[in-house]
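Written out below as structure tokens is the structure these notes cover.
Written as structure tokens, this is what we have:
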């Protein structure tokens, strides 16, 4: 596939600075790019590679310091690059739409048109799979679970019974959706299991990472809102509600019944206790331990998580703490001497 | 199914306050309940919903502030609710007891009576599965592994060779039991694998969450004690011994050879280094990093984990640290002025 | 199998102290050993068991305090023990080299000689598996993925398309290799997926733990260097480069594009943000949160991670912080009194 830079700029929402007639034949990262490739510069950290990249053109923000190379100027270079990748790289979801003979599909399951079901996948009674959805090998889909259209479920995923998955949802390998919530009532020394009779709802355009676990609700629904993206190894407990367009980075853990507001971000390994609310647009820094509700549009960090400006001051002060201890001891001695003197 | 409130109270170990003749037809959480449902109030946080719930009756602790609704008074409302759920909701483990023709079962494996083995599950040589146990699709059971009676093993679980699982154990999707312990001997710059020749023993009434990993012992046994409940994505290293009735919340990690005493609780994302002992009844707070043994019946928190009362004081003091630095600097200046004056 | 202690000492690179003629018939840990077994003492913590072990001989470092038992003196007792285990315990990778009839193998896949493929495993178009490699049941191997010789891939592992795995690699149950990197471009309020068109390369002699996730690169390669050992539930993000002979303990998370230098160690639950470099030979303590690059041969700990000596001082000082606050308040009062006095 090839395209003139001028044409590509139009496709990706940018304008050319430099030779518009350069022919582009592929896309690559700034370090890996070869002649013929378009690449991009989204992070100032990589500006040094502008000098050395072998790419034939670079997508940059307007005002990026002058280079000899042809540029595509874009207000959102990352998004423009995505559009370039989409142009050059075939859709990953182009699996042949066939049901493998080794797949085990209940007679009462409903498959839409153009559905693929991979080898050794299992679809149980009453489950339904929407048009254009691809189920890869080894996937388990439980009783009465509904999966929407144009989804892509990677190998060895487990989706338990009565789960509802929207359209265009991507679920990566090994994820488990609808496992029992972790609920036990103490009966003397012994824990007695609370039957988990709720379900999980995953709305449209959600992406769920590899080996993620999302528990079903005790009663009611555990919900993942439209457009939310969940990275690998994240834990979502029973009755959690995640609103639209949130980002949960790898190894995040959310306690039971907690609510994550629209557009919130939880960075890697952050944790939130149960029964709290993380406000709309809030940002939780990596490894933060959130022990109480976070107001909307607030960034928190540290353990226990505090407003980020304050936390940063505290963590910077920590460095001075050992010296401070010495200093206060010394001040105490000087003060005692003065007191002694004044007494005398 | 329907039952008079009077009768239900008897079943769940409570007494009615209000109209005993109300007919109950189901159970639900306080927010989702509809007329006909019984619900419960176990956490004061939800007391506000007592006014608005549509439930026909509520299970509460004696002394809960007066409501118009019929109540069941119970010393353990949560446990009473569990009993109500068990009455109304059919047992989850009611799968047809058949061996699917696509399951691959060794001729030398022994299956008890009333055993179910799901599609594409694999049971290897010499393995045994006790009466009434349900193995769901895609499960792998290795050579000479023994699984007890009335267990429920969810899809895509991997149980390696020579593991022993007791009775009434529940293992959620994607869990891996008996993977090699992480042991290497340094040989110059290179790490040489230490063969892991021990096993894993999981005692009766244990529940193991989705995508949990429990490593086999280097030599000897990694053990999970009777009645212990393990949440999703927990890591249990080689030679760990967990005693009875412990709670390990999601994403906890336990280092090799560490022992967890009876009835201990580790909250979410907590970690314990290897070769220590967490005492009976100890509580480790969420995200705590335990670097040395914890006495029985002690709560610890923070990193490194300290006795919780002390840790709470420290974390509260942290807030004042930036101001303290300024204050000590200012005190130093005032002191210097006095010293100057007294010298003069 | 039996062997005289003298002969065993030669095999494991040690020399006998005591009766060389003792016959050894097995290996075991110091607590589990029975008469006939050789055991080892690698950690001073276990020295107390030297008195009580039932083992017939013990592998120890030269200079270990005198015992009645026959000893093998070795400069690296742990490594000598590994060699003893290798002598007594049959290789774990001795599965029959057959392709199970229920495995689903593309006509265009290439299988070397002496390859085993387990029940319900799937090998897709263009994939290749080297001589002597064992693929266990339920494993998925994607299109054009190459797996080297003498590898062992445990059940229910997912290896996506275009991944390259070297020789003698061990991958434990449930691991996912080659899942999409977590990359999204913001388009208004909505996140738009960045197609992940790179791959993953796992070099020779790597071991990957149960339920580990290793994402493919956005463009280019996510790489795990020769001899590196990765414990369970570790997350390796897109474009990470891990050099040779590193150790990543359970539940570690590495952010995108970060580089881990040769021989580095990351202890349990540690995290590193993206776009940094952890130097050769560096050590990151358990639960540390690494927010900036770490120089070679440096140990860091805490959050945010600092040089370990400094961090230890800080964490020790923390204990005194509540008292320090009181002390400074009291000093302030005394100082005010003096100032008052001097004014008067």
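Chains as they are written, first to last, in the numbering used here: chain A, 2 to 345; chain B, 2 to 345; chain C, 2 to 345. Glycine included, every Cβ here is placed at the ideal spot set by N, Cα and C. Please read all numbers here as calculations on a predicted model, not as lab measurements.
{"query": "Residue 168 (chain C) versus C:222, C:186, C:229, residue with shortest Cα-Cα distance", "result": "C:229"}
{"query": "Beta carbon proximity, residue 332 (chain A) to chain C, threshold 8 angstroms", "result": "yes"}
{"query": "Through-space distance from residue 53 (chain C) to residue 34 (chain C), alpha-carbon basis", "result": "10 angstroms"}
{"query": "Residue 59 (chain C) and residue 195 (chain B) closer than 8 angstroms at C-beta", "result": "no"}
{"query": "Residue-chain proximity (residue 264 (chain C), chain B), Cβ-Cβ < 8 angstroms", "result": "yes"}
{"query": "Within 8 angstroms of chain B by C-beta, residues of the segment 149-175 of chain C in sequence order", "result": "155, 156, 157, 171, 173, 174, 175"}
{"query": "Any 3 or more C-beta pairs closer than 8 angstroms across the segment 148-159 of chain B and the segment 221-237 of chain B", "result": "no"}
{"query": "Residue-level contact to chain F via CB, residue 186 (chain B), 8 angstroms cutoff", "result": "Within the model displayed, chain F is absent; protein chains A, B and C are what it includes."}
{"query": "Neighbourhood of residue 127 (chain B) by C-beta distance below 6 angstroms, restricted to the same chain and skipping five residues each side", "result": "109, 144, 145"}
{"query": "Residue 320 (chain A) (DSSP reduced to helix, strand or coil)", "result": "coil"}
{"query": "Environment of residue 44 (chain C) [buried if 16+ CB atoms lie within 10 Å]", "result": "exposed"}
{"query": "Residue 343 (chain B) burial status per 10 Å Cβ neighbour count (16 or more: buried)", "result": "exposed"}
{"query": "Where the segment 97-108 of chain C meets chain B: residues whose CB sits under 8 angstroms from a CB there", "result": "101, 103"}
{"query": "Sheet register partners of residue 300 (chain C) (DSSP bridge)", "result": "C:284"}
{"query": "Within chain C, the residues that residue 281 (chain B) reaches when beta carbons sit closer than 8 angstroms", "result": "Neighbours of residue 281 (chain B) on chain C: none; closest Cβ ~21 angstroms, over 8 angstroms."}
{"query": "Closest Cα partner of residue 287 (chain A) within the set C:188, C:340, C:305", "result": "C:305"}
{"query": "Assumed close pair residue 28 (chain A), residue 81 (chain A) - CB separation to whole angstroms, cut-off 8 angstroms", "result": "The Cβ separation is near 11 angstroms, so there is no contact."}
{"query": "Proximity of residue 154 (chain A) and residue 135 (chain A) at Cβ, strictly below 8 angstroms", "result": "yes"}
{"query": "Proximity below 8 angstroms, CB of residue 174 (chain A) to CB of residue 219 (chain C)", "result": "no"}
{"query": "Min CB distance residue 267 (chain A) to chain C below 8 angstroms", "result": "no"}
{"query": "Close beta carbons around residue 253 (chain A), own chain, < 6 angstroms, minus the five adjacent residues each side", "result": "235, 267, 271"}
{"query": "Assigned secondary structure, residue 192 (chain A) (DSSP; H/G/I helix, E/B strand, else coil)", "result": "strand"}
{"query": "Residue interval of the beta strand (DSSP E) (run including residue 66 (chain C))", "result": "Segment: none, residue 66 (chain C) is in no beta strand (DSSP E) and carries neither H nor E."}
{"query": "Nearest candidate by alpha-carbon position, reference residue 212 (chain C), set A:165, A:189, A:157", "result": "A:157"}
{"query": "CB contact below 8 angstroms: residue 121 (chain B) versus chain C", "result": "yes"}
{"query": "Residue 18 (chain C), enclosing alpha helix (DSSP H) - first and last residue", "result": "First-last for residue 18 (chain C): 16-18, but that is the beta strand (DSSP E), not the alpha helix (DSSP H)."}
{"query": "Partners in chain B for residue 232 (chain C), counting only beta-carbon separations shorter than 7 angstroms", "result": "183"}
{"query": "Within chain A, partners of residue 111 (chain B) - CB distance below 8 angstroms", "result": "Ordered by position in chain A, no residue passes the 8 angstroms Cβ test against residue 111 (chain B), which lies about 24 angstroms from the chain."}
{"query": "Other residues of its chain near residue 4 (chain B): CB distance less than 6 angstroms, five sequence neighbours each side excluded", "result": "25"}
{"query": "Spatial distance of residue 216 (chain B) from residue 199 (chain B) (CA atoms)", "result": "9 angstroms"}
{"query": "Run of the alpha helix (DSSP H) containing residue 11 (chain C), from where it starts to where it stops", "result": "6-13"}
{"query": "Pick from C:332, C:318, C:298, C:37 that is closest to residue 71 (chain C), judged by C-alpha positions", "result": "C:37"}
{"query": "Nearest-angstrom Cα separation, counted from residue 113 (chain B) out to residue 120 (chain A)", "result": "29 angstroms"}
{"query": "Residue 203 (chain B), enclosing beta strand (DSSP E) - first and last residue", "result": "200-203"}
{"query": "Where residue 180 (chain B) falls: helix, strand or coil (DSSP)", "result": "strand"}
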